[in-house]
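Q: I have a structure I would like to understand better, so I am pasting it below and will then ask my questions one at a time.
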Amino acid sequence: MFTKLIFSTILLFSVSIVFAQTDTGQKTNTKLIKVSNKIYMLQGNGGNIGLSFGDDGVFMIDDQFADDIEQIQNDIKKKSDKPIRFLVNTHFHEDHTGGNAALAKTGTVIFSQENVRTRLQGLIRRENKKIPQEALPMVTFSEDLTFYFNGEKIYVFHIHNAHTDGDAMVYFTESNVLHTGDVFFNGKYPFIDTENGGSLKGCVDGLEKAMMVINEDTKIIPGHGDVGTYSDLRKTIDMLGTIYKRVFTQYLNKKTEDEVAKMTDITKEYDDQGYGEGFIKTEAFLRMIYKEVAKERSPMDKNNEKNEKAREKIEQMQKEYDKKNKKN
Ligand SMILES: [Zn+2]
243 MFTKLIFSTI
253 LLFSVSIVFA
263 QTDTGQKTNT
273 KLIKVSNKIY
283 MLQGNGGNIG
293 LSFGDDGVFM
303 IDDQFADDIE
313 QIQNDIKKKS
323 DKPIRFLVNT
333 HFHEDHTGGN
343 AALAKTGTVI
353 FSQENVRTRL
363 QGLIRRENKK
373 IPQEALPMVT
383 FSEDLTFYFN
393 GEKIYVFHIH
403 NAHTDGDAMV
413 YFTESNVLHT
423 GDVFFNGKYP
433 FIDTENGGSL
443 KGCVDGLEKA
453 MMVINEDTKI
463 IPGHGDVGTY
473 SDLRKTIDML
483 GTIYKRVFTQ
493 YLNKKTEDEV
503 AKMTDITKEY
513 DDQGYGEGFI
523 KTEAFLRMIY
533 KEVAKERSPM
543 DKNNEKNEKA
553 REKIEQMQKE
563 YDKKNKKN
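Counting from 243, one number per residue, gives the positions in the sequence shown under the numbering used here.
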């Protein structure tokens, strides 16, 4: 009875939790969560994986860390004995592309936005012993790409300069499921990789673009966090916009980064909802936004400074002229 109860509870939530030892001896905890009839989300140590199971085979989005890929492959095999034919990388970060080489060796064809391949090439050059050449996507695109797979149209589209400069989202049109990659962290402050072309403004624009593709019934697989909804996405856009505006105002008030980083009232309502309890803490998030505002404003501020100096000079000349005229 007890076993039966547990079993039906597991079925009810469509969640299976698997523990196993990988060959590194590390214990990996993965969860396979049903999102729609044929779409699943696999949670583990890295970014959320999206999976489509069907007659054509397995379609996969992201593949977490290299150390965990064996476990992930086993989880997928338990669900389908068909091959993983296509993999889309939502961006180049290691917690989303670590399994690339292992999957490529089994015949999976890897797709990504072209900047992902360029960034990965850079990583391979820098850490050539760690990442094998096979990790590179075999097919790249600049703006978008469409698959016809497992009985539905799968639309992959590029989001410009958001979490990185190579982000892509994947929309399963019949299943009505969207995978956002790391442009969307559900319920947490996002990490924005400004060193690699990311920006908060790009995230907001990208999420607005996603809102145009989806509808109120869409289920959303975020880069990190639990499955979300249309309103979760809306809430994230509002949160990003609100905090950005507040930091912008403080910047114009000539507050320094250190001062703004300590202004708890800027983020209070979101902190109270747990936004600062993820990978990115409140202070780090405020500092990141401050830097973006400062970077964006600095050419204008420099111009203002120049104008100010020019004005002073003109005033000075005017005074000297007046003095001279008086003497005469
Ligand atoms: Zn990332």
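Note that the Cβ used here is the ideal one computed from N, Cα and C, for glycine as well.
#1: Are the C-beta atoms of threonine 350 and some chain D residue less than 9 Å apart?
#2: Looking only at C-alpha atoms, which of Glu550, Val502, Leu528 and Asn418 sits nearest to glutamate 458?
#3: Taking the alpha carbon of glycine 483 as the point to measure from, which residue in Glu450, Val455, Leu494 and Lys496 has its own alpha carbon closest?
#4: I believe isoleucine 531 touches valine 277 by the beta-carbon criterion, under 8 Å. Please report the beta-carbon distance rounded to the nearest angstrom.
#5: Looking at ligand 1, does it come within less than 8 Å of phenylalanine 353, judged from the CB to the closest heavy atom?
#6: My output table needs one value for phenylalanine 478: the three-state DSSP class, helix, strand or coil.
#7: Based on the DSSP secondary-structure assignment, which residues constitute the bridge partners of methionine 411?
#8: So what does DSSP say about threonine 406, is it helix, strand or coil?
#9: Let me check understanding here. Comparing Cα to Cα, which of Met505, Asp474, Gly429 and Ser441 lies closest to asparagine 521?
#10: Can you check the region 341-375 for any alpha helix (DSSP H) of at least 4 residues that lies completely inside it and give the ranges in chain order?
#11: Count the other C-beta atoms from every protein chain shown that fall within 10 angstroms of the C-beta of threonine 350, then say buried if there are 16 or more, exposed otherwise.
#12: Which residues end up in the neighbourhood of ligand 1 when you take C-beta atoms closer than 5 Å to any of its heavy atoms?
#13: Just to confirm, are glycine 465 and threonine 332 a CB contact at a threshold of 9 Å?
#14: From lysine 320 to lysine 395, what distance separates their C-alpha atoms?
#15: Report the option in Phe301, Ala343 and Asp298 whose CA atom is closest to the CA atom of isoleucine 311.
#16: Measure the beta-carbon distance from isoleucine 352 to leucine 329 and round it to whole angstroms, keeping in mind my assumption that it falls under 8 Å.
#17: Could you work out which residue in Leu345, Gly448, Asn438 and Asp305 is closest to leucine 284 when comparing CA atoms only?
#18: At what residue ranges does the region 284-310 contain a whole run of the beta strand (DSSP E), taking only runs of 3 or more?
#19: Does the separation of the CB atoms of histidine 402 and glycine 444 fall below 9 Å?
#20: Going along the chain, which residues of its own chain have a beta-carbon closer than 6 Å to the beta-carbon of glycine 288, five neighbours each way excluded?
#21: Let me check you understand the geometry: is the CB of aspartate 337 closer than 8 Å to at least one non-hydrogen atom of ligand 2?
#22: In terms of residues, what are the limits of the alpha helix (DSSP H) holding valine 455?
#23: So what's histidine 466 in DSSP terms, helix, strand or just coil?
A: Reading from the atomic positions:
#1: The structure shown contains no chain D, having only a single protein chain.
#2: Asn418
#3: Glu450
#4: Their Cβ separation, rounded to whole angstroms, is 31 Å, which puts isoleucine 531 and valine 277 out of contact at 8 Å.
#5: no
#6: Per the sequence presented here, residue 478 reads as threonine, with phenylalanine not at that position. If DSSP states are grouped into helix, strand and coil, threonine 478 belongs with the helices.
#7: Phe399
#8: coil
#9: Per the sequence shown, residue 521 should be read as phenylalanine rather than asparagine. Answer by Cα proximity: Gly429.
#10: 342-347 and 356-368
#11: buried
#12: His335 and Asp424
#13: yes
#14: 25 Å
#15: Ala343
#16: 5 Å
#17: Asp305
#18: 291-296 and 299-303
#19: yes
#20: Gln306, Phe307 and Asp337
#21: Ligands in the displayed structure: ligand 1; ligand 2 is not one of them.
#22: 442-455
#23: strand
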